[in-house]
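Residue numbers (this note's numbering), protein chains in the order written: chain A, 88 to 454; chain B, 18 to 178; chain C, 159 to 508; chain D, 2 to 167.
The C-beta atom is built at its ideal place from N, Cα and C for all residues, glycine as well.
Bear in mind that the values here come from a model prediction, so they are computed numbers and not experimental data.
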C-alpha cells in the first residue's frame, strides 16, 4: 500500500540561506512545509550580562556587534537611551552627524539585504554588485570613524569626532550617486520576472497578525501598517526632515523587499537634507559630560527605528558607573516569531524567500 | 500626546485601584490583575503593539525603588512590558513584580502574540515562568545549560586566561 | 588544407596502418579507438576550459576580474582545481549504498561521451555517421537523469534526495517539449541523420524557419543542463548542493565536469539543429567548417552563462507548471503550424 | 593555552600520505585552489566571506572564490565570528566532515581568542580550542585585505610545509 509520511530536515545551522548560524527545523511533506520551527541562540554571546560588568561607555562597542550591518543605528539607540536616563542635551552638530551615520548605516544594511536576498532567490550577480555600492559607503564610514563595520562612533553626549575636511562633500557625492544604483537594482532584481514570481504572493503576512506579533520595520510596513518611529514618534532630530514612509500593499515577500528599496531612496532624501542643514550648523560635537558617568538611579526605555525594525534599549541604573541591567529589544529576534505561520504550506524554496525577506541578523537575534 | 496618555493613566487608576504610577508614568500592576489590566489596555485603549518584554532581577539587598520587601530576604523580579499604540501614538511602560523564589506570572501570549518569543527569552535568561505559555522552553541557550545567566547571583567562568 | 586537417590525419593513420599490413577489421577498431580518445580528450579539455570561462565571464559580469593568478591570465586555474580534487580524500559516509555511491560519478560521463560520437564537428567530421543520430542523442541524454538520481539516492542525505527527486521531475517534464519542438525540424528535413539536418539548413537556418521550436528547445536545454534559472537540482541556497552534497574529491569533480560536458552537448545540439552546424554563413567558406562549428557552439555556451549570471532561480512548481502548461502546448501548436505550412508549401509546388 | 596543543594530533598527521615529489606537485595545485566553506558565524563573515568576494577585493583573482556549501567539497574552513557553546559541537562536526587535506583560518578576534566576548558565560575562547588553526587573521573585524593576506599566508604554508614543521 502506498503511504506517505513527513520527515524532518535540519535547515542549518550551517546553511547558505540562513545568513549565519541559525537553524530551522523543517517538517516536510515532500517539499511542502508542515512546520518550521526556528532554533536560534547559536550566536548568543551574553551581551546583556557582559554589559553589567562594563562601564556605560564600554558598552558602546558591544552594541556595534549586535547588528553589525548597521552599527551606526545600534550606537545611536544605546547612547540616546543613556542620554534620556541622564537628561543630557546633545549639541546640534552631533545630532546631525549621528543622523548621517545612522542613515548611511541604514542604506549599507539595506543594500546588503538586497544583495543577499538576490542570492537567496538565486541571482548571484545581484549579490556581488551590491557590494560595489556598499564599499563606497563603508569608505565614508571608515574615513569618519576608522572602522568599516563596527563604528562605535556615537558617544554618550555626542559623537567621537567631527567630520574630517571635505568629508561632507564626499558623502554628498556618494549620496547623489546612490539613486542611480538603486535603478540598477530595480532593473536587475526587482523588475525581473522570475524574481517577482518567486516573491509575489509568497509568505503572506496580514496586517493584523503583523501587529499582533509585534513585527516591526519593513516587515511590518510591507503589510501596509504605517508605523515608522522616525515619523510616528520622532526621536533625535528626525522632525526636521521631510520624508515619506513607504508602505507595501499585499504583505508578501516582494512588498517587504520593495519597501526596503524605497526606504533607501527616502534615506537618500534625509541625507541630502541633513548635509544641507549641517553645513549651517556649527558648534561643539560633545555635550558636557563627566568623565566617569554615574547616571542617577532609575531606568529608561528608548526605541529607535533601526534598519530591521524597532530597536529598543532598556537600561536600569543603580547609581554606580556600571549599568545594573541592559536589555536590548532586538527587531530581528521578535520578527522571527511569526516565521512558522508564514512558512506553513509553502515549499522549501519559499522558506528561503520568506526568511530572506524578514532580514535577520544573527548577531542581533541571539544577542 | 502626553496629555492623552495622562488621561489614559488617570482612567486606569480609577478602574484599578491597586496600580501605582510613578513620575515617569510607569505603571506598576500587581500580578493578580495583570491579565485583566493588559486585556483592557488592548481592548479599550488600542494598545495593540507589545514592543518589549523584559525582566530585571532585584535580589533582596538591591531594590530599585527603595521599597521594603514584603517577604523576608527574598528579593523580587520585575517584569517590564512596553506597550505601544499604533493608532493613538502613545506608549506605556507596565511593570509587575514577582517573588524571586517562585517567579510565576501569567503569559501575555493570549493578548499579544508578540509575547511568544520575548517571554521565552525572559524565561531562558532569567527563569521566570509564564504560565499558559504555549511553548515555554529555552530559546537562546541550549537545553542542558544550568542556571539563568541574567540573574544577579549567576556564577560563571569566563574564557579569559 | 585546414578544412580537412582532421580528416587528413585520420586518413593518414588509416593508411599507415594499412601499409603496415594490419587487417581491415583491426584497422577499423584502432581508428574507432583513436576517434573516441580524441573525443574524450576534447571533452575534458573543453570542460576544464569552460569552467575557467565561466568564472571569467562571471567575474566580468560582476564588475570583478576573475581568476588571473595561476598561469597566464589564470588559464591554469581549473587545472589546479582538478589537481587538488584528485588528491582530496574521498569520503564514503556511513549508511550510503556504497556501490551505487561510487558508481554514479563514474557513469555520469558515459552519456556525454557517447553522444559526442555522433555529433558532426565539421564537414564529414563525425566519429560515427548514424542515420538515427537525433534519436540516439536523446535516448542517451535521458540516461543522465538516472545517474543523477543514483547519486542522490545512494547518498543517504535528505538534501541529496530532495535534489535527485527534483532532477527526475524536471528532466521528465522538459524532455517532452524538447522532443516535440524538434518534430517540426524533423518534419521539414524528413530525416533523423544529423548531417542531413545540417545540410537542410543550406538556404536558411532553422532558427529562422522554426523560431518557436528554437526557443522551446533552448529553454528545455537549459533546464536539462540544470542551469540557472532552472538549477533547482543544486539550488545552493535551498538544498546545499543537491545530489552532490555528500560527494568529495574526484567524485564531486566528475559531477562538476559532467555539468559542463552537458552544456557542451546542449550547445552543440542547438548549433546542429538550429544554427546550421558547421555551415558557413554569408559564404565565408575560407574559414574551416569545424571552426564555424566551435564558434557557434561557444556563442551558445556564452548565452548559457549569460543567463546563469543574470537570472534568479525558479521554484519547483513554477518550473513544472511552465513545462507542462506552456512549453508542451506550444510545441504541439508548433508541430501543427509546421504541418500546415509544409502542406501549403507543397501545394504551391515550390 | 600553550603552543603544543595547537599542533595537530599524531593520528591526523598519519592520515596525510606523503608521496614526496608527487606531493610537491599536488601541493602546488592545492595551494592555488583553496575553496572556502560558505559558513559564516558573525560579523567577520560579512568581511571575510562576502566582502572579499566583492568587486573591490575580488578573492577570485587567486582562484579561491568557489564557495562550497557542502563541507565535503571545501578545503578551508574560515571560522569568522564568535563561537558559542551551542555552536561549538556543530563546528567541530563540520570540521570532521571536511575531506583531507583541509585547513582552517581563524578570522577576527573572537575566533582567535574570544575577543570582546571572552568574559561571557557562553563563548568559546577561540577556534583553537576546537580545531587546529593554520592562519590567524586579527582584527575586529579584519579588513578584507587582511583576510586575503591570510589566504596567501595559507598558500605559502601549503607550498612550503617545512616552514611550519620546525
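Please determine, among the options, the residue with the shortest C-alpha to C-alpha distance to residue i.
i, options, result
"residue 86/D", "157/A, 181/A and 132/A", "132/A"
"residue 288/A", "192/A, 342/A and 97/A", "342/A"
"residue 352/A", "311/A, 422/A and 193/A", "193/A"
"residue 331/A", "339/A, 350/A and 390/A", "350/A"
"residue 453/C", "475/C, 335/C and 422/C", "422/C"
"residue 381/A", "303/A, 326/A, 197/A and 409/A", "409/A"
Got a sec: is the Cβ-Cβ distance from residue i to anything in chain B below 8 Å?
i, result
"residue 328/A", "no"
"residue 137/D", "no"
"residue 126/D", "yes"
"residue 200/A", "no"
"residue 121/D", "yes"
"residue 115/D", "yes"
"residue 87/D", "yes"
DSSP state of residue i, grouped into three classes?
i, result
"residue 120/A", "strand"
"residue 93/B", "strand"
"residue 412/C", "helix"
"residue 375/A", "coil"
"residue 133/B", "helix"
"residue 248/A", "coil"
"residue 241/A", "strand"
"residue 88/B", "Because the pLDDT of residue 88/B is 48, which lies under 50, any placement of that residue in the model is unreliable, and the question is left without a value."
"residue 165/A", "helix"
"residue 441/C", "helix"
"residue 195/A", "helix"
"residue 3/D", "At residue 3/D, the pLDDT of 42 sits below 50, so the modelled position is not reliable and the matter cannot be decided from this model."
"residue 107/A", "strand"
So who's on the other strand from residue i, going by DSSP bridges?
i, result
"residue 104/D", "77/D"
"residue 121/B", "146/B"
"residue 66/B", "101/B"
"residue 410/A", "404/A"
"residue 37/D", "77/D"
"residue 399/A", "390/A and 416/A"
"residue 37/A", "Nothing about residue 37/A can be reported from this structure: the residues present for chain A run from 88 to 454 only."
"residue 109/B", "100/B"
"residue 116/B", "93/B"
"residue 70/D", "Answer by DSSP bridge pairing: none, since residue 70/D is not bridged."
Give a yes or no on whether the minimum CB-CB distance between residue i and chain A is below 8 Å.
i, result
"residue 67/D", "no"
"residue 286/C", "no"
"residue 187/C", "no"
"residue 221/C", "yes"
"residue 76/B", "no"
"residue 512/C", "No answer is possible for residue 512/C: the residues shown for chain C start at 159 and end at 508."
"residue 93/D", "no"
"residue 86/B", "Per-residue confidence for residue 86/B stands at a pLDDT of 49, beneath the threshold of 50, marking its modelled position as unreliable; no derived number is given."
"residue 47/D", "yes"
Using a Cβ-Cβ distance cut-off of 8 Å, determine whether residue i contacts chain D.
i, result
"residue 177/B", "yes"
"residue 259/C", "no"
"residue 213/C", "yes"
"residue 103/C", "One cannot answer for residue 103/C here, as it falls past the ends of chain C, which runs 159 to 508."
Compare the C-beta of residue i against all C-beta atoms of chain C and say whether one is closer than 8 Å.
i, result
"residue 109/A", "no"
"residue 53/D", "no"
"residue 30/D", "yes"
"residue 70/D", "yes"
"residue 37/D", "no"
"residue 27/D", "yes"
Next item on the list: Using a Cβ-Cβ cut-off of less than 9 Å, list which residues of the segment 461-477 of chain C approach chain F; keep chain order.
Entry: Absence of chain F from the displayed structure is noted, the protein chains being A, B, C and D.
Check: So does the segment 325-341 of chain C actually touch the segment 110-124 of chain A, counting three or more Cβ pairs closer than 8 Å?
Finding: In short, these stretches do not touch, since the Cβ pair count stays below three.
Note to self: Would you call the segment 395-412 of chain A in contact with the segment 176-193 of chain A, where contact means no fewer than 3 C-beta pairs closer than 8 Å?
What the structure shows: Result no; under three Cβ-Cβ pairs closer than 8 Å.
Item checked: Inter-stretch contact at 8 Å, needing at least 3 Cβ pairs: the segment 379-390 of chain A / the segment 154-171 of chain A -> Three or more Cβ pairs drawn from the segment 379-390 of chain A and the segment 154-171 of chain A lie within less than 8 Å of each other, which places the two stretches in contact.
Margin query: Below 8 Å, how does it come out for the segment 133-148 of chain D and the segment 94-112 of chain D: are there three or more Cβ pairs, yes or no?
Written below: Yes, the segment 133-148 of chain D touches the segment 94-112 of chain D.
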